[in-house]
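Every letter in the sequence shown is one number past the one before it in the UniProt record's numbering, and letter 236, counting from 1, is 236. Idealized CB from N, CA, C, for every residue including glycine.
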Amino acid sequence: MNSFDRSAAGIAQVFRGTFVHSTQQTALEILEDALLGVDTEGKIAFIGKGEELDKLLKSTNFNPSEVIQLSQHEFFMPGMVDTHIHASQYSYAGTALDMPLLQWLNTYTFPVESQFKDLDFANRVYSKVVKRTLRNGTTTACYFATIHTDASLLLGKIANDFGQRALVGKVCMDRNNFVKHYKETMQESQDETCRFIAELLKKKYPLVKPVVTPRFAPSCTGALLGQLGAIAKNNNLHIQSHVSENTEEVKLVKELFPDSESYTDVYYKHNLLTDKTVMAHGCHLSDEELALFRETGASLSHCPNSNISLCSGVLNVRNVLKQKVKLGLGTDVAGGYSASMLDAVRKALDSSKILTIQDPEHDTLTFEEAFMLATLGGSQALSLDDQIGNFEVGKDFDALRVNVAAPGGPIDLIQSEGPKILLEKFLNLGDDRNIMEVFVAGRKVIPFTEPTA
Ligand SMILES: [Zn+2]
Numbered sequence: 001m002n003s004f005d006r007s008a009a010g011i012a013q014v015f016r017g018t019f020v021h022s023t024q025q026t027a028l029e030i031l032e033d034a035l036l037g038v039d040t041e042g043k044i045a046f047i048g049k050g051e052e053l054d055k056l057l058k059s060t061n062f063n064p065s066e067v068i069q070l071s072q073h074e075f076f077m078p079g080m081v082d083t084h085i086h087a088s089q090y091s092y093a094g095t096a097l098d099m100p101l102l103q104w105l106n107t108y109t110f111p112v113e114s115q116f117k118d119l120d121f122a123n124r125v126y127s128k129v130v131k132r133t134l135r136n137g138t139t140t141a142c143y144f145a146t147i148h149t150d151a152s153l154l155l156g157k158i159a160n161d162f163g164q165r166a167l168v169g170k171v172c173m174d175r176n177n178f179v180k181h182y183k184e185t186m187q188e189s190q191d192e193t194c195r196f197i198a199e200l201l202k203k204k205y206p207l208v209k210p211v212v213t214p215r216f217a218p219s220c221t222g223a224l225l226g227q228l229g230a231i232a233k234n235n236n237l238h239i240q241s242h243v244s245e246n247t248e249e250v251k252l253v254k255e256l257f258p259d260s261e262s263y264t265d266v267y268y269k270h271n272l273l274t275d276k277t278v279m280a281h282g283c284h285l286s287d288e289e290l291a292l293f294r295e296t297g298a299s300l301s302h303c304p305n306s307n308i309s310l311c312s313g314v315l316n317v318r319n320v321l322k323q324k325v326k327l328g329l330g331t332d333v334a335g336g337y338s339a340s341m342l343d344a345v346r347k348a349l350d351s352s353k354i355l356t357i358q359d360p361e362h363d364t365l366t367f368e369e370a371f372m373l374a375t376l377g378g379s380q381a382l383s384l385d386d387q388i389g390n391f392e393v394g395k396d397f398d399a400l401r402v403n404v405a406a407p408g409g410p411i412d413l414i415q416s417e418g419p420k421i422l423l424e425k426f427l428n429l430g431d432d433r434n435i436m437e438v439f440v441a442g443r444k445v446i447p448f449t450e451p452t453a
């Protein structure tokens, strides 16, 4: 436990109790009777031991009587990072799970996404998804919107209004023969991406940034991919897309890009693999492709609910970690039916166990590792680990206050349990009833303060 004072900005809040988080060295570090101070800029000012209260507060104006004490069954954990979610698909989450990817896109996804030129509809869906994910502990979301620039800007505004940290992507696609009008020309896609980036940056939202978003290689011509790679480079922006989700898709990419050595190579050739790139899925990547991810610093978003729901494949997370590729978890709403990152944690563990059933030699993921992937791993996958992901002095205070014994909640505690068991129970059995408060950059965003009708 390191204690360090960066109280120049003034201390706004101090919490005392149990903190659980991941570090570079360990998937789960438990700090019992710890003190954590948050400064007026929302950053973690100090972390120390409870007994050091007087010493830690000495050089500040903070009144020790205002320290907030957690109860016996409560702990703080870092906010969860959803590295891949389609905000626009939230309207049909929980349905339409009866087809493989390519047919699913044409039958369900494109017709729904084409409706987002209607800003009232977009407002309804985007407000719901931002609120739902925040309430379930997603403090950072990496969103796909649709091809519509104004609706995508609206998603950015809504995330900012509710205080969620977000990367927002206007989807780019200049190839689609299945749903009329739901595609752009190459020029439109390029111009509108530039307009989207310029207008979103102009808003100066402190926690919401644009991300360059080619839908996936089959929806984009090589010319568009090249333009998007250049736009991302010139503006030093994040990039998101999909890779190697299902075998039929991998085959299609091979047909569409015969000059590329692999699916990953398509993105690599168009300068879309950088250390600010996150690619969803990667179920069927070869070790050579994983090496390309490692070398470029690009990351993968593991979306196990979606991979099972659309029968896409099972990512071997152990192998990805062995290959030292950055990895986070994603819900991939609505291919994944749940918007909750707790579900992503559980499905990641289930998927790993399926691999162990198939091969008893497989080294199953632990719950501590899944916890790390949902928090610190996600922040690394989005190259935001200098700002968020765990409780380190100087990082933003993005955190969930969890009460495992919340009245009316889903967990029955039979006997007194230590913090490790409490975390395990929350990850496996908990839901938003256990998440008493959510903080993003020091600001309490749950419970909602605005009218939520
Ligand atoms: Zn997706």
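How far does the alpha helix (DSSP H) with residue i in it extend, from its first residue to its last?
| i | result |
| --- | --- |
| isoleucine 158 | 149-162 |
| valine 112 | 110-113 |
| aspartate 186 | Residue 186 is actually methionine in this sequence, not aspartate. Its alpha helix (DSSP H) spans residues 186-202. |
| alanine 39 | It is worth fixing the name first, because residue 39 is aspartate in this sequence and not alanine. Here aspartate 39 belongs to no alpha helix (DSSP H); instead the beta strand (DSSP E) covers 29-39. |
| leucine 167 | It is not in any alpha helix (DSSP H) - leucine 167 instead sits in the beta strand (DSSP E) that spans 165-169. |
| phenylalanine 426 | 419-429 |
| glutamate 369 | 367-372 |
| glutamine 13 | Element bounds for glutamine 13: not the alpha helix (DSSP H) but the beta strand (DSSP E), 11-21. |
| leucine 102 | 101-104 |
| lysine 58 | 53-58 |
Sort out for me which residues DSSP pairs residue i with in a bridge.
| i | result |
| --- | --- |
| isoleucine 85 | Tyr143 |
| glutamate 74 | Asn403 |
| glycine 378 | Per DSSP, none; premise fails for glycine 378. |
| aspartate 120 | In DSSP, aspartate 120 forms no bridge with anything. |
| valine 278 | Gln240 and Ser299 |
| phenylalanine 439 | Ala399 and Lys444 |
| glutamine 69 | Arg16 |
| cysteine 172 | Pro214 |
| threonine 138 | Met80 |
Would you mind working out which of the options sits nearest residue i, comparing C-alpha positions?
| i | options | result |
| --- | --- | --- |
| glycine 408 | His73, Gln187, Asn434 and Ile388 | Asn434 |
| alanine 141 | Tyr126, Lys128, Gly226 and Gln164 | Gln164 |
| aspartate 332 | Thr375, Leu272, Ala93 and Glu29 | Ala93 |
| leucine 237 | Thr277, Pro360 and Ile30 | Thr277 |
| asparagine 160 | Lys209, His302 and Val112 | Lys209 |
| cysteine 303 | Ser312, Thr296 and Pro78 | Ser312 |
| glutamine 380 | Ser59, Asn235 and Ala298 | Ala298 |
| lysine 420 | His21, Gln13, Arg175 and Ser91 | His21 |
| threonine 356 | Gln323, Leu207, Val317 and Asp385 | Val317 |
| lysine 326 | Glu51, His181, Leu252 and Thr274 | Thr274 |
| glutamate 261 | Leu36, Phe397, Gly50 and Leu292 | Leu292 |
| leucine 70 | Glu199, Phe448 and Asn403 | Asn403 |
| glutamate 392 | Ala405, Leu376 and Leu102 | Leu376 |
| isoleucine 158 | Thr185, Leu134 and Ile147 | Leu134 |
| valine 211 | Ala145, Asn176, Val179 and Lys183 | Ala145 |
| phenylalanine 75 | Leu31, Ser65, Lys43 and Asn63 | Leu31 |
| cysteine 220 | Phe121, Cys172, Asn246 and Tyr263 | Cys172 |
| leucine 315 | Ser286, Gly226 and Ala399 | Ser286 |
| serine 416 | Gln72, Lys395, Arg132 and Ile44 | Gln72 |
| leucine 310 | Arg132, Asp98, Glu288 and Asn61 | Asp98 |
| proline 78 | Asp118, Leu28, Ile85 and Tyr108 | Leu28 |
| histidine 148 | Gln25, Ser189 and Gln24 | Ser189 |
| phenylalanine 196 | Asn235, Asp432 and Arg132 | Asn235 |
Counting along the chain, where does the beta strand (DSSP E) carrying residue i start and finish?
| i | result |
| --- | --- |
| serine 299 | 299-302 |
| proline 210 | 208-214 |
| phenylalanine 178 | Run containing phenylalanine 178: none; DSSP gives neither H nor E here. |
| residue 494 | In the structure as shown, the chain begins at 1 and stops at 453. Residue 494 is therefore absent and cannot be evaluated. |
| lysine 444 | 443-446 |
| lysine 49 | 44-49 |
Against chain D, does residue i count as a neighbour if the rule is that its beta carbon must be under 7 Å from one of theirs?
| i | result |
| --- | --- |
| asparagine 319 | Looking at the structure shown, chain D is missing, and only one protein chain is on hand. |
### Message
In chain order, what are the residue ranges of uninterrupted beta strand (DSSP E) at least 3 long that sit wholly in the segment 209-275?
### Response
Correct list: 238-243.
### Message
Across the segment 199-213 and the segment 143-156, are there enough close Cβ pairs to call them in contact, namely three or more that are closer than 8 Å?
### Response
With the rule of 3 Cβ pairs closer than 8 Å, the segment 199-213 counts as touching the segment 143-156.
### Task
Note down, one range per segment and in chain order, each beta strand (DSSP E) of at least 3 residues found wholly within the segment 326-352.
Runs of the beta strand (DSSP E) inside the segment 326-352: 326-329.
### Query
Using 8 Å as the threshold, is the segment 10-18 in touch with the segment 49-61, meaning 3 or more CB pairs across them?
Taking one beta carbon from each stretch, the segment 10-18 and the segment 49-61 have 3 or more pairs nearer than 8 Å; the two touch.
### the segment 240-255 contacting the segment 281-288, beta-carbon criterion three pairs below 8 Å
Output reads yes: the segment 281-288 touches the segment 240-255.
### Query
On the three-pair Cβ rule with 8 Å, is the segment 410-426 touching the segment 93-110?
Because the criterion of three Cβ pairs below 8 Å is not met, the segment 410-426 and the segment 93-110 do not touch.
### Task
Tell me, please, whether the segment 108-120 touches the segment 358-373 by the rule of three or more beta-carbon pairs shorter than 8 Å.
Because the criterion of three Cβ pairs below 8 Å is not met, the segment 108-120 and the segment 358-373 do not touch.
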